[in-house]
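>
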Amino acid sequence: MSTLHVVSHSPFTDGRLASCLRVCGAKDAILLCGDGAYALHNPALHSQGVKVFVLAEDSQARNLPVPDWASSVDYSGFVQLSIDYDKVNTWL
3 MSTLHVVSHS PFTDGRLASC LRVCGAKDAI LLCGDGAYAL HNPALHSQGV KVFVLAEDSQ
63 ARNLPVPDWA SSVDYSGFVQ LSIDYDKVNT WL
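The sequence shown begins at 3 in the working numbering and counts up one residue at a time.
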């Protein structure tokens with residue numbers, strides 16, 4: 003069963019992303035939105051081998067380039083991801 007993990011908090015202010023990475027499976031993906039987009043600067047995220055998506059509006063608003071190991075999606079892409087994965091888990 004695959005899960006889309008939605009992370010909206012900065013990885014530099016709390017441990018939500020680290021907790022998310024501990025439970026991510028091989029079929030899972032992470033969607034970064036809001037201040038979660040700052041995780042694009044977190045090398046641990048890339049080294050996990052998990053698919054990473056970022057909401058385009060949030061990376062642009064923070065002037066963050068999207069590295070080649072992550073994919074940028076718009077709101078329609080966000081909706082499609084939530085359909086493509088069996089479950090959606092938001093890390094509140």
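Don't be surprised by glycine CBs; every beta carbon is placed ideally from N, CA and C.
These numbers come from a predicted model, not from an experiment.
#1: Across which residues does DSSP place F55 in a beta bridge pair?
#2: Determine the direct distance from the alpha carbon of W71 to that of S78, and round the result to whole angstroms.
#3: With 16 other CB atoms within 10 Å as the buried threshold, where does A63 fall?
#4: Under the rule that 16 or more other beta-carbon atoms within 10 Å means buried, what is H8, buried or exposed?
#5: Are the Cβ atoms of D30 and A58 separated by less than 8 Å?
#6: With 16 as the cutoff for other CB atoms within 10 Å, does L94 come out buried or exposed?
#7: Just how far apart, CA to CA, sit L6 and N44?
#8: Taking the C-alpha atoms as reference points, what is the distance between D86 and F55?
#9: Out of I32, K53 and G27, which one is the CA nearest neighbour of S10?
From the atom records:
#1: Along the sequence shown, one-based indexing puts residue 55 at 53. F55 is bridged by DSSP to L33 and S73.
#2: In the sequence shown, counting from the first residue as 1, residue 78 sits at position 76. In the sequence shown, counting from the first residue as 1, residue 71 sits at position 69. Straight-line spacing of the CA atoms in S78 and W71 works out to 21 Å.
#3: Position 61 of the sequence shown, counted from the start, is the residue given in the question as residue 63. Residue environment for A63: exposed (fewer than 16 other C-beta atoms within 10 angstroms of its C-beta).
#4: Position 6 of the sequence shown holds residue 8. According to the sequence displayed, residue 8 carries Val and not His. So V8 counts as buried.
#5: For the purposes of this step, residue 30 is taken as residue 28 along the sequence shown, with counting starting at 1. For the purposes of this step, residue 58 is taken as residue 56 along the sequence shown, with counting starting at 1. The answer is no: Cβ separation not under 8 Å.
#6: In the sequence shown, the residue the question calls residue 94 occupies position 92. Around the CB of L94, fewer than 16 other CB atoms lie within 10 Å, so the residue is classed as exposed.
#7: Position 4 of the sequence shown, counting from 1, holds the residue named residue 6. Position 42 of the sequence shown, counting from 1, holds the residue named residue 44. One C-alpha to the other measures close to 19 Å.
#8: For the purposes of this step, residue 86 is taken as residue 84 along the sequence shown, with counting starting at 1. For the purposes of this step, residue 55 is taken as residue 53 along the sequence shown, with counting starting at 1. Here the alpha carbons of F55 and D86 stand approximately 13 Å from one another.
#9: Stepping through the sequence shown from its first residue, residue 10 is reached at position 8. Checking every option, the nearest Cα to that of S10 belongs to I32.
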